[in-house]
DNA sequence: TTGTAGGCGTTATCAT
DNA sequence: ATGATAACGCCTACAA
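Protein chains in written order, with full-length UniProt numbering: chain G, 1 to 344; chain C, 1 to 344.
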């Protein structure tokens with residue numbers, strides 16, 4: 001059987017309170033007694049207070065939950081997510097906080113409700129199932145939404161509208177012909193590439209991508225140009241292959257687009273490959289602008305012109321917000337900036 | 001004040017047991033009553049059983065701890081680690097298991113002992129502080145060590161010796177001149193690049209890298225050649241810049257090495273860049289072989305010849321082992337294989 | 001099918 | 001400085 005604090009107390013002939021103090025509040029007992037207790041614990045193989053019991057009693061666990069919009073694995077695959085997590089973990093590391101990774105599969109929350117284990121939540125992207133959000137907000141624990149907004153919860157975003165605006169404005173300065181957009185999650189529940197046309201789009205509140213689209217459109221409008229929904233493609237996920245596929249479709253249309261505005265670098269990199277495989281030269285025959293500024297965007301030849309968003313810093317900020325280390329502003333919006341390289 | 005199961009029971013005029021069953025064991029009560037309870041819970045804003053209390057009572061949490069050898073952030077940065085986590089999370093996703101990421105900072109375990117929260121552990125790489133391992137093994141929970149071995153704990157490794165042997169054997173078939181090794185964590189507590197010389201090395205038990213070194217040496221010996229410790233450089237971490245720096249040092253020596261055996265692809269990619277910056281042409285002037293086969297190794301020009309290790313599969317296996325889904329063999333060793341590309 | 005009650009292992013409060 | 005004791009919120013025999 002497992003040793004408990006009580007066993008140890010009995011063995012030593014002291015009270016459980018004292019043993020507890022020996023581990024958790026050294027100032028409450030004499031150094032000498034504490035020493036004796038710790039030594040005995042060591043000898044008997046007692047590993048310290050049971051974390052579950054302690055959490056129950058104390059009302060907190062030292063764990064922050066990260067609710068990830070996508071499948072868990074996606075977040076280890078996509079450099080955008082990875083860099084965000086990297087930033088979060090940097091702060092958690094410093095603060096001795098544990099990170100519980102929670103996918104947003106609804107079975108999880110609706111059934112098991114492990115969620116109450118965490119002292120707070122970072123919600124990275126809008127969960128597919130909205131009921132999860134209800135659950136989290138009902139807990140009234142410190143929470144931060146990232147890349148979307150939720151009534152009554154602090155949020156952290158980049159300025160997607162402005163970023164997209166920069167991209168489009170730069171793009172049309174260099175391309176006068178047809179423009180196509182490779183969008184990301186513009187349509188709920190899509191599972192494959194599709195031309196947007198008259199399908200209903202997500203709203204600006206719930207989606208980063210929609211705000212990017214609005215940014216593109218505003219810039220075009222200001223230049224007296226227009227973006228027909230038929231020239232917008234939607235990808236359900238930010239993946240190279242989907243970018244390749246969508247770009248291929250777009251580039252086979254007439255008139256062939258001269259500018260591709262892509263809502264992620266991974267889509268853009270796929271698009272570049274597709275163009276090259278069709279014998280097009282970038283940026284001469286086709287200009288491509290990405291979004292995110294992932295590391296590969298800079299390595300790639302031609303290097304990708306894109307919008308930089310500070311993912312790592314975003315992660316750090318999110319962590320600081322949820323831990324209450326950042327009590328200044330309520331909502332935070334970080335800047336996005338244009339990085340001009342070779343593709344446009 | 002927070003609602004508890006008891007409050008809900010009182011409100012409804014039923015027993016706490018019934019309410020508990022409504023949430024956790026639907027078959028124990030009439031569908032009708034359950035419905036009523038759930039509805040009332042919804043109405044009052046009761047979010048389901050408190051996870052901490054439930055865990056205390058049940059003795060398990062549905063959480064698996066991942067003890068990461070390095071700083072937490074390193075694991076989101078290094079593609080080798082990332083792909084491993086990706087594999088783990090794939091299985092956890094399916095099995096409705098939560099993943100608690102634990103860095104191996106000792107303060108954590110020695111003081112707070114949050115560790116007992118987990119139902120089991122995957123220990124990815126040897127923690128810097130060995131006492132952590134004592135703590136974990138003392139808990140007697142299902143555990144798996146990855147990339148190292150620990151008495152009494154199931155382990156998962158790739159065949160590092162064989163992999164390195166393949167690399168070296170291939171290398172000397174194409175290069176007859178001087179050979180240099182860019183090693184990884186061959187020396188404990190190193191914090192920067194250093195030439196190994198007569199510094200003491202880690203043992204084969206505790207380190208992947210040492211087994212790789214043995215593999216290199218065995219292959220060279222079989223070919224009647226030798227590897228002088230003066231031609232081995234050590235990097236404390238697998239990073240591009242360290243590879244660059246070490247390679248630069250090595251390539252400035254006389255005779256200039258013709259073959260670089262690198263213990264990670266990131267080191268190798270840095271080495272390639274260093275060589276190119278020195279005006280060397282790969283593979284004509286210098287041959288480079290990496291280890292890991294990270295995605296970039298294939299993209300890069302010249303594409304990197306390297307040893308493939310199935311990181312994703314390794315993650316899946318580790319997850320299956322710790323969850324007891326894999327009751328066949330005790331220890332597992334996965335194959336590594338040579339991928340010949342352009343750099344050698 | 002539903003209710004009663006003891007205990008999971010701690011820690012905080014209040015005595016002594 | 002140390003001890004006694006009552007929670008923390010839930011689950012599960014067992015009884016009804």
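Backbone N, C-alpha and C define an ideal beta-carbon position, used for all residues, glycine too.
Exercise. Nearest CA to the CA of residue 130 of chain C: which residue from C:150, C:257, C:310?
Worked result: If you number the second chain from 1, residue 130 of chain C lands on position 130. Looking at the Cα atoms, C:150 is the closest of the given residues.
Exercise. Any beta-carbon of chain C closer than 8 angstroms to the one on residue 98 of chain G?
Worked result: The residue you call residue 98 of chain G lines up with position 98 of the first chain. Residue 98 of chain G counts as touching chain C.
Problem set entry | 8 angstroms Cβ shell around residue 316 of chain C - same chain, five flanking residues per side excluded | Start at 1 with the first residue of the second chain, and residue 316 of chain C comes out as number 316. For residue 316 of chain C, where only same-chain residues beyond five positions count, the Cβ hits under 8 angstroms are 87, 88, 90, 91.
For this session: Say whether chain C places a C-beta atom closer than 8 angstroms to the C-beta of residue 106 of chain G.
Result: Along the first chain, one-based indexing puts residue 106 of chain G at 106. Low confidence applies here, because residue 106 of chain G scores a pLDDT of 49, under 50, leaving its location unreliable; read the following figure in that light. Output row for residue 106 of chain G: interface = no.
Problem set entry | Identified DSSP bridge partners for residue 146 of chain C | Numbered from 1 along the second chain, position 146 holds the residue referred to as residue 146 of chain C. DSSP output for residue 146 of chain C lists C:124, C:156 as bridge partner(s).
Exercise. In terms of DSSP beta bridges, what is residue 262 of chain C paired with?
Worked result: In the second chain, the residue the question calls residue 262 of chain C occupies position 262. Partner(s): C:182.
Exercise. Taking 7 angstroms as the cut-off, is the CB of residue 237 of chain C close to at least one heavy atom of the ligand HEM?
Worked result: Among the components of this structure there are no ligands whatsoever, and the ligand HEM is therefore not found.
Exercise. Thinking C-beta only, is residue 265 of chain C closer than 8 angstroms to residue 219 of chain C?
Worked result: For the purposes of this step, residue 219 of chain C is taken as the residue at position 219 of the second chain. For the purposes of this step, residue 265 of chain C is taken as the residue at position 265 of the second chain. It is not a contact, given that the beta carbons lie outside the stated cut-off.
Problem set entry | residue 203 of chain C classed as buried or exposed, judged by whether at least 16 other C-beta atoms fall within 10 angstroms | Taking the first residue of the second chain as 1, we reach residue 203 of chain C at position 203. Exposed, because fewer than 16 other Cβ atoms sit within 10 Å of the Cβ of residue 203 of chain C.
Exercise. In the structure shown, what three-state DSSP assignment does residue 141 of chain G receive?
Worked result: By 1-based counting over the first chain, the position of residue 141 of chain G is 141. Three-state result, residue 141 of chain G: coil.
Problem set entry | Coarse secondary structure for residue 343 of chain C, derived from DSSP in three states | Indexing the second chain from 1 puts residue 343 of chain C at position 343. It is coil, neither helix nor strand.
Exercise. Count the other CB atoms within 10 Å of the CB of residue 94 of chain C; is the residue buried (16 or more) or exposed (fewer)?
Worked result: For this step, residue 94 of chain C is matched to residue 94 along the second chain. Exposed: under 16 other Cβ atoms inside 10 Å.
Exercise. Quick check: the stretch 206-220 of chain C against the stretch 179-197 of chain C, are there 3 or more CB pairs under 8 angstroms?
Worked result: yes
For this session: State yes or no: is the beta carbon of residue 20 of chain C nearer than 8 angstroms to at least one beta carbon in chain G?
Result: Your numbering for residue 20 of chain C matches position 20 in the second chain. Answer no: the Cβ-Cβ gap between residue 20 of chain C and chain G never drops below 8 angstroms.
Problem set entry | Minimum C-alpha distance to residue 312 of chain C - residue among C:303, C:335, C:305 | Position 312 of the second chain, counting from 1, holds the residue named residue 312 of chain C. Here the closest residue by C-alpha is C:335.
Exercise. Anyone know if the C-beta pair for residue 274 of chain C and residue 180 of chain C falls short of 8 angstroms?
Worked result: Here the question's residue 274 of chain C lines up with position 274 in the second chain. Here the question's residue 180 of chain C lines up with position 180 in the second chain. No, these two residues do not count as a Cβ contact at 8 angstroms.
Exercise. Taking DSSP as the reference, what is the three-state secondary structure of residue 99 of chain C?
Worked result: By one-based count along the second chain, residue 99 of chain C stands at place 99. The answer is strand: DSSP assigns residue 99 of chain C an E or B state.
Exercise. Where does residue 245 of chain C land, buried or exposed, given buried means 16+ other C-beta within 10 angstroms?
Worked result: Along the second chain, one-based indexing puts residue 245 of chain C at 245. It is buried - the Cβ of residue 245 of chain C has at least 16 other Cβ atoms within 10 Å.
Exercise. Within the chosen definition, does the stretch 42-53 of chain C reach the stretch 49-58 of chain G through at least 3 CB pairs nearer than 8 angstroms?
Worked result: yes
For this session: Could you pull out every residue in the same chain whose Cβ sits closer than 8 angstroms to the Cβ of residue 119 of chain C, ignoring the five residues on either side in sequence?
Result: Here the question's residue 119 of chain C lines up with position 119 in the second chain. Counting only Cβ-Cβ distances below 8 angstroms, and skipping sequence neighbours, we find 60, 61, 62, 63, 64, 141, 142.
Problem set entry | Backbone CA spacing between residue 163 of chain C and residue 47 of chain G [nearest angstrom] | For the purposes of this step, residue 163 of chain C is taken as residue 163 along the second chain, with counting starting at 1. For the purposes of this step, residue 47 of chain G is taken as residue 47 along the first chain, with counting starting at 1. Their Cα atoms are separated by approximately 39 angstroms.
Problem set entry | Boundaries (first-last residue) of the alpha helix (DSSP H) holding residue 208 of chain C | Within the second chain, the letter at position 208 stands for residue 208 of chain C. 208-222 is the extent of the alpha helix (DSSP H) around residue 208 of chain C.
For this session: Check whether the Cβ of residue 135 of chain C lies closer than 8 angstroms to any Cβ atom in chain G.
Result: Stepping through the second chain from its first residue, residue 135 of chain C is reached at position 135. It does; some Cβ of chain G falls within 8 angstroms.
Exercise. For residue 301 of chain G, does the three-state DSSP call read helix, strand or coil?
Worked result: One-based indexing of the first chain puts residue 301 of chain G at position 301. Here residue 301 of chain G sits in coil by DSSP.
Problem set entry | Where residue 45 of chain C meets chain G, residues with beta-carbon distance less than 7 angstroms | To locate residue 45 of chain C, count along the second chain from 1; it is residue 45. Going along chain G in sequence order, the residues near residue 45 of chain C (Cβ under 7 angstroms) are 138.
Exercise. Along chain G, in chain order, which residues have C-beta atoms closer than 8 angstroms to that of residue 82 of chain C?
Worked result: Indexing the second chain from 1 puts residue 82 of chain C at position 82. Going along chain G in sequence order, the residues near residue 82 of chain C (Cβ under 8 angstroms) are 76, 77, 82.
Problem set entry | Length of the line joining the Cα atoms of residue 44 of chain C and residue 102 of chain C | If you number the second chain from 1, residue 44 of chain C lands on position 44. If you number the second chain from 1, residue 102 of chain C lands on position 102. Cα to Cα, the separation comes out at about 36 angstroms.
Problem set entry | Rounded separation between residue 338 of chain G and residue 195 of chain G - CA only | Reading the first chain from its first residue, position 338 is the one you call residue 338 of chain G. Reading the first chain from its first residue, position 195 is the one you call residue 195 of chain G. Between residue 338 of chain G and residue 195 of chain G, the C-alpha separation is close to 27 angstroms.
Exercise. Chain G partners of residue 85 of chain C, CB-CB under 8 angstroms?
Worked result: Translated into positions along the second chain, residue 85 of chain C becomes position 85. Near residue 85 of chain C (Cβ distances below 8 angstroms), the residues of chain G are 76.
For this session: Starting from residue 37 of chain G, follow its DSSP beta bridges and name the residues at the other end.
Result: Here residue 37 of chain G refers to the residue found at position 37 of the first chain. In DSSP, residue 37 of chain G forms no bridge with anything.
Exercise. Using the C-alpha atoms, what's the distance from residue 157 of chain C back to residue 239 of chain C?
Worked result: Residue numbering aside, residue 239 of chain C sits at position 239 when the second chain is read from its first letter. Residue numbering aside, residue 157 of chain C sits at position 157 when the second chain is read from its first letter. So the alpha carbons of these two residues sit roughly 22 angstroms apart.
Problem set entry | Where residue 172 of chain C sits in the DSSP three-state scheme | Numbered from its first residue, the second chain carries residue 172 of chain C at position 172. Looking at residue 172 of chain C - three-state DSSP - the assignment turns out to be helix.
Exercise. Based on the DSSP secondary-structure assignment, which residues constitute the bridge partners of residue 306 of chain G?
Worked result: Translated into the one-based positions of the first chain, residue 306 of chain G becomes position 306. DSSP, once it has assigned bridges, lists G:339 as partnering residue 306 of chain G.
Exercise. Closest Cβ-Cβ distance between residue 358 of chain C and chain G: below 8 angstroms?
Worked result: One cannot answer for residue 358 of chain C here, as it falls past the ends of chain C, which runs 1 to 344.
For this session: Using three-state DSSP, classify residue 13 of chain C as helix, strand or coil.
Result: Here residue 13 of chain C refers to the residue found at position 13 of the second chain. Coil, per DSSP.
Problem set entry | residue 65 of chain C, DSSP secondary structure in three states | Taking the first residue of the second chain as position 1, residue 65 of chain C is located at position 65. DSSP places residue 65 of chain C in strand when its eight states are reduced to three.
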